[in-house]
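**Student:**
Protein chains: 2
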Amino acid sequence: MPSPDLEFWFDLASNYSYLSVMRIEAAAQHADVSVQWRPFLIGPVFEALGWEGPPFVVQKEKGAYVWRDMLRQCRKYGIPWQQPTVFPRRAVLPTRIAVLGADEPWMPAWCRAIMTRNYGEDREVDTPDAVIEVLEQLGLPAQRIVEDALAEPNRQRLRDATREARERGIFGAPTFFVDNEMFWGNDRLEDALEAACARAPR
Amino acid sequence: MPSPDLEFWFDLASNYSYLSVMRIEAAAQHADVSVQWRPFLIGPVFEALGWEGPPFVVQKEKGAYVWRDMLRQCRKYGIPWQQPTVFPRRAVLPTRIAVLGADEPWMPAWCRAIMTRNYGEDREVDTPDAVIEVLEQLGLPAQRIVEDALAEPNRQRLRDATREARERGIFGAPTFFVDNEMFWGNDRLEDALEAACARAPR
């Protein structure tokens with residue numbers, strides 16, 4: 007299997023990750039770039055950096071603006087938007103399922119469905135009922151996936167991914183890598199895709 | 007005089023303001039949007055918000071990334087770039103001159119020249135020698151401008167602008183306003199121009 011042109015590191019609870027989760031598949035296809043989806047938890051990264059939480063929460067003035075920005079960005083990209091009444095909304099179980107599905111064809115659709123439930127419908131995503139409902143909507147064997155996601159080997163996979171994020175120097179989500187070149191934020195998706203194209207003559 | 011379609015708030019010491027200072031005139035002309043340039047000092051705003059300085063300085067992990075991002079952004083936009091050895095580099099006297107020239111046709115060129123000296127050539131900008139040299143290159147009466155810039159009424163103008171920035175809810179630079187709709191960051195220049203176009207049918 008050829009190595010992916012672009013690594014896409016995202017957190018299912020992160021609002022700007024939502025924009026990229028919804029956009030990246032079409033954008034990458036258009037640019038003929040292959041993408042490796044890398045779910046992880048940004049929370050432990052903020053903690054390791056000594057930050058008290060998402061910058062938007064710690065810096066309240068910025069926080070108020072971010073919701074306005076999200077509304078406009080979602081309009082611009084044609085993405086569903088409803089300001090969540092809980093932020094950040096826990097999404098650990100959905101993230102474990104994304105990690106379990108790393109190499110499965112349903113993984114991107116899973117991430118879009120979970121994030122749309124949070125940011126498009128303002129609904130909880132971190133309960134067994136919620137994830138089973140979404141998995142079944144996708145026609146997937148829900149019970150077995152939840153069991154496997156909660157098993158220790160898969161929990162360890164998520165811890166490993168989050169540790170790798172820290173080692174790679176990630177400090178926010180989403181983050182894209184083209185080889186070791188880091189691009190931070192949904193606003194840099196196009197630049198990252200362009201770098202991936204420039205890197206890989208085919 | 008018709009009211010401007012877009013207010014452009016910037017700090018002559020701010021690296022992301024540099025990108026917008028260099029880009030906005032051509033972009034606004036292309037979009038047929040009129041721009042009011044609003045120089046101010048972001049430092050006192052950070053202080054009032056209880057932040058210890060620019061986010062890139064306070065959060066070191068982000069800081070290292072920012073220089074890489076600036077290099078790539080400048081390449082993308084075709085803007086001169088040399089990573090400054092001093093950051094943030096004081097630019098209070100140049101800012102006073104920009105405030106003095108608020109309604110003068112030379113003001114945008116002044117801002118571009120000062121910021122290029124800092125971010126394109128890594129040279130000091132906050133000394134009388136530096137500003138006189140740049141003013142003379144622009145064919146302007148340097149001595150008189152420096153004197154007027156340093157006089158109390160003009161110092162007060164800058165204090166007023168900075169206070170107004172805080173009252174408007176600004177927390178970073180550059181920031182654009184279309185009426186009271188705020189757009190933060192060079193990455194939002196295009197969105198702000200589009201909003202200005204949508205607002206002002208002519």
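Read top to bottom, the protein sequences are chains A and F.
Going by the numbering used here, the letters in the first sequence line up with residues 7 to 208, in that order.
Going by the numbering used here, the letters in the second sequence line up with residues 7 to 208, in that order.
Even for Gly, the Cβ is constructed at its ideal location relative to N, Cα and C.
Computed from a predicted structure; not experimentally measured.
1) Keeping to the same chain, check which residues put their C-beta closer than 8 Å to that of F/D154; ignore five residues upstream and five downstream.
2) Return the CA-CA distance between A/Y22 and A/A179, expressed in angstroms with no decimal places.
3) Considering only residues of the same chain and omitting the five flanking positions on each side of A/A34, which have a CB-CB separation below 6 Å?
4) Span of the beta strand (DSSP E) holding F/W116?
5) In the DSSP assignment, what are the bridge partners of F/F16?
6) Tell me whether A/F177 sits in a helix, a strand or coil according to DSSP, three-state version.
7) Ends of the alpha helix (DSSP H) at F/E187?
8) Does the stretch 37-52 of chain A touch the stretch 169-186 of chain A, meaning 3 or more C-beta pairs lie closer than 8 Å?
9) Would you mind telling me which residues of chain F sit closer than 8 Å to A/D197, beta carbon to beta carbon, in chain order?
10) To the nearest angstrom, report how far apart F/N186 and F/S26 are at their CA atoms.
11) Please list, in chain order, all residues of the same chain as A/R194 whose beta carbon is under 7 Å from its beta carbon, the five residues on each side excluded.
12) Quick one: is F/S20 buried, meaning 16 or more other Cβ sit within 10 Å of its Cβ, or exposed?
13) Find the residues of chain A that neighbour F/E67, judging by a C-beta separation of less than 8 Å, and give them in chain order.
14) What span of residues does the alpha helix (DSSP H) with F/V27 cover, start to end?
15) Among residues of its own chain, excluding the 5 on either side of A/L141, which ones have a beta-carbon nearer than 7 Å to its beta-carbon?
16) Any beta-carbon of chain F closer than 8 Å to the one on A/M188?
17) Of all the residues that make up the stretch 128-141 of chain A, which are near chain F by a beta-carbon distance shorter than 9 Å?
18) Based on Cα-Cα distance, which residue from A/E67, A/D128 and A/V137 lies nearest to A/C117?
19) Between which two residues does the alpha helix (DSSP H) harbouring F/T133 extend?
20) Excluding the five sequence neighbours on either side, which residues of its own chain have a C-beta within less than 8 Å of the C-beta of F/E200, listed in chain order?
21) Residues of chain A with a CB under 7 Å from the CB of F/D210: which are they?
22) Compute the distance between the beta-carbons of F/D132 and F/L99, then report whether it is under 8 Å.
23) Taking Cβ to Cβ, would you say F/F177 is nearer than 8 Å to F/L12?
24) Is A/F52 helix, strand or coil when you go by DSSP?
**Tutor:** Reading from the atomic positions:
1) L106 and N160
2) 7 Å
3) V41
4) No beta strand (DSSP E) contains F/W116, which is instead part of the alpha helix (DSSP H) from M113 to Y125.
5) F/P45
6) coil
7) Per DSSP, F/E187 belongs to no alpha helix (DSSP H); it is in the beta strand (DSSP E), E187 to W190.
8) yes
9) R78 and K82
10) 20 Å
11) F182
12) buried
13) L55, G175 and F177
14) N21 to A37
15) A148 and I151
16) yes
17) none
18) A/V137
19) Element bounds for F/T133: n/a, residue is neither H nor E.
20) A37
21) This structure does not reach residue 210 of chain F, given that chain F is present from 7 up to 208, and the question cannot be answered.
22) yes
23) no
24) helix
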